[in-house]
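Following: one structure in structure tokens, then a few remarks.
2 protein chains.
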Amino acid sequence: MKVKILYVEDEPFLGRIVKESLETRGFEVKLVADGALALTVFNEIQPDICVLDVMLPNKDGYTIAKELRKLRADVSIIFVTAKIQTEDLVKGFESGGNDYLRKPFSMEELIVRINNLLQLAQKNSKSKGVEALGKYEFDSSKYELRIGQTVRKISHREAMLLQALIENRNTSVTRKDILLKVWGDDSFFNSRNLDVYIAKLRDYLKEDPSVKIITLKGVGYHFSAS
Amino acid sequence: MKVKILYVEDEPFLGRIVKESLETRGFEVKLVADGALALTVFNEIQPDICVLDVMLPNKDGYTIAKELRKLRADVSIIFVTAKIQTEDLVKGFESGGNDYLRKPFSMEELIVRINNLLQLAQKNSKSKGVEALGKYEFDSSKYELRIGQTVRKISHREAMLLQALIENRNTSVTRKDILLKVWGDDSFFNSRNLDVYIAKLRDYLKEDPSVKIITLKGVGYHFSAS
DNA sequence: TCAAAAGAAGGTTAATTAATGTTAATGGGA
DNA sequence: TCCCATTAACATTAATTAACCTTCTTTTGA
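Here the protein sequences line up with chains A and B, keeping their order. Each residue of the first sequence is one higher than the one before, starting from 192 at the first, in our numbering. Each residue of the second sequence is one higher than the one before, starting from 192 at the first, in our numbering.
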């Protein structure tokens, strides 16, 4: 499958050249000229990489980046800017950018940096969609948990929770973060709800003892799986 | 502990300025002017980040990078170069570089990119492995303490405390440092709490008398283990 | 100067409280 | 109705607090 790129750029001439140039190299590029549209298009095409101009009408690149990160923590973001102020650079990395390119840039440089990020992303998350969890496989788009021949459909909440754990695999997540991500708020009742769902997941995942959800009492959970 | 940087640069004037500038920001910088020396110095100081000029006498930056990667796969490498040819950029990433900076660059830009790589590296290597403590083995990501065939699950606090001791193995830690690290504050009650947990760890570790938690009354503890 | 007394710091074990586990009952929407 | 999310009820475990004990240090007075 082609690598999808969301390219947000308001200069039409530059935009078209870069888009075509990237397409020649086998990327699938969606060009958006208006910052306010970026999120909508992002949700539509689910790109692997976002290339964002910083100066944009309606909504600047940094703001977009922050919003994108919330939607998908693992998306790769490259900023492109004519500004050379270093505070912008700082802002760029702070708002969740993975790389920063100054205009004018060469196509080769952009492509190299794109490829670099793709490799990184691949290392971090293998082939997305289907996650290997020990002997299990979790298909986050189908809400399916497979082990051997057995397929178990899991519910929306179960899937969200499992996803949240997977995103923090081999590190710890706080209960609060999970609650905010999965339930949207961390009230007392939702907190007990989380306990219930953890129990369910543990039950689903009990066939492979190497897949573990360890409780960090007073803190959160630590999910580990090969 | 300070972040250590190996900086290979043959222009003495630039080298000194960058070195001093980085040191002002709290980095520990070793400046090397000769490519052929880079490896030796690398082994000596075990840096967290390497900043390599590409054009160097005796051995160029790309070659150095490849060799460094062989020595330590997880080291972060930033190339710095006056060349603007894009083939160099490609070569840079291919030879194992993590980032590429064109001269002239601003200090801020360098620092931002350094910090970015540090964060990345931390994410990747977070769940570090298994510590040998005399006859025991402590797996900090699984919260397991093993001796012979016996595996004991320990709690989060127990693990944090043990980790804090291990990090200061064969030296002394103050109670205050431990309390801040494990409990977040050093109030009276938490201080007594620490006593309780020290007792637990001593109990867990009593099978091997060479593993010792020695009390330094009025100061802290001294943890020793082969 | 020295021994006894008083304190302080920490050791140990037990009791208490808070957090989470588990299973079942309830309730609401396609 | 059926499924899933939520709430409830009771069980379990970890963390904290308490109580009492031991050890070392400091103070004090003969």
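Backbone N, C-alpha and C define an ideal beta-carbon position, used for all residues, glycine too. Note that the coordinates shown come from a computational prediction; the quantities given were computed from them, not determined experimentally.
Look at the beta carbons and you see the stretch 249-263 of chain B touching the stretch 281-298 of chain B: at least three pairs across the two are nearer than 8 Å. When rounded, the separation of the alpha-carbon atoms in Gly411/B and Ile405/B is 9 Å.
The CB of Lys333/B comes closer than 8 Å to the CB of Lys403, Ile405 and Ser415 in chain A, given here in chain order.
DSSP places Ala323/B inside the beta strand (DSSP E), whose first and last residues are Val321 to Leu324. Our two residues, Asn307/B and Glu300/B, have alpha carbons roughly 11 Å apart in a direct line. In this structure, the beta-carbon distance from Phe233/B to Leu259/B falls below 8 Å.
The C-beta separation of Asp244/A from Glu214/A comes to about 18 Å, leaving the pair out of contact by the 8 Å criterion. Asn249/B has a beta carbon lying at 8 Å or more from every beta carbon in chain A. Inter-segment contact for the stretch 348-358 of chain A and the stretch 370-385 of chain A is present: three or more beta-carbon pairs are separated by less than 8 Å. For Asn307/B, the nearest beta carbon of chain A is closer than 8 Å to its own beta carbon.
Taking 8 Å as the threshold, the shortest C-beta distance from Phe218/A to chain B does not fall below it.
Leaving aside the five residues that flank Asp377/A on each side, the residues in its chain whose CB is nearer than 8 Å to its CB run, in chain order, Arg366, Lys367, Leu370 and Leu371. For Ser346/B, the chain A residues whose Cβ falls inside 8 Å of its Cβ are Lys408, in order along the chain. Contacts between Phe284/B and chain A, judged by CB atoms closer than 9 Å, involve Val303, Arg304, Asn306, Asn307 and Gln310 in chain order. In this structure, Ile236/B lies away from Lys257/B, with their beta-carbon atoms at least 8 Å apart. In the DSSP assignment, Val387/B falls within the alpha helix (DSSP H) that extends over Phe379 to Tyr395. Judged by beta-carbon spacing, Val266/B lies beyond the 8 Å limit of Ile196/B, meaning their Cβ atoms are not closer than that value.
Going by DSSP, Asp330/A is part of the beta strand (DSSP E) stretching over Tyr327 to Asp330.
Separation of the CB atoms of Leu396/A and Val387/A is rounded to 15 Å, and the pair is thereby denied contact status at 8 Å. If you look at Tyr412/B, you'll find it in the beta strand (DSSP E) that goes Gly411 to Ser415.
Between Lys344/A and Glu335/A, the beta carbon gap of about 6 Å places them in contact (Cβ cut-off 8 Å).
Look at the stretch 358-370 of chain A: the residues with a C-beta under 8 Å from a C-beta of chain B are Asn361 and Thr362. Secondary structure in the stretch 217-258 of chain A: the beta strand (DSSP E) runs of 3 residues or longer, each lying completely within the stretch, are 219-223 and 240-244 in chain order. Nearest Cα to Asp225/A within the set Asn249/A, Ile269/A, Arg207/A and Phe296/A: Asn249/A.
For Arg293/B, the enclosing beta strand (DSSP E) stretches over residues Asp290 to Arg293. A residue is called buried once 16 or more other Cβ atoms fall within 10 Å of its Cβ, and Asn361/B, having fewer, is exposed.
Residue pairing by DSSP places Thr365/B opposite Gly411/B in a beta bridge. Per DSSP, Phe296/B lies in no beta strand (DSSP E) segment and is marked neither H nor E. Inclusion of Val194/A and Leu356/A in the CB contact set at 8 Å is not warranted, their separation being larger than that value. The beta-bridge partner set that DSSP reports for Phe270/B consists of Leu243/B and Tyr291/B.
Taking each of Ile208/B, Val209/B and Glu398/B in turn and checking the Cα distance to Gln340/B, the smallest one comes out for Glu398/B. Secondary structure of Val402/B (DSSP, three-state): coil. Taken through DSSP and simplified to helix, strand or coil, Glu335/A comes out as strand. Leu197/B has Lys221/B and Cys241/B as its beta-bridge partners, per DSSP. Inter-residue distance for Lys210/B and Met298/B is about 10 Å (C-alpha atoms, whole angstroms).
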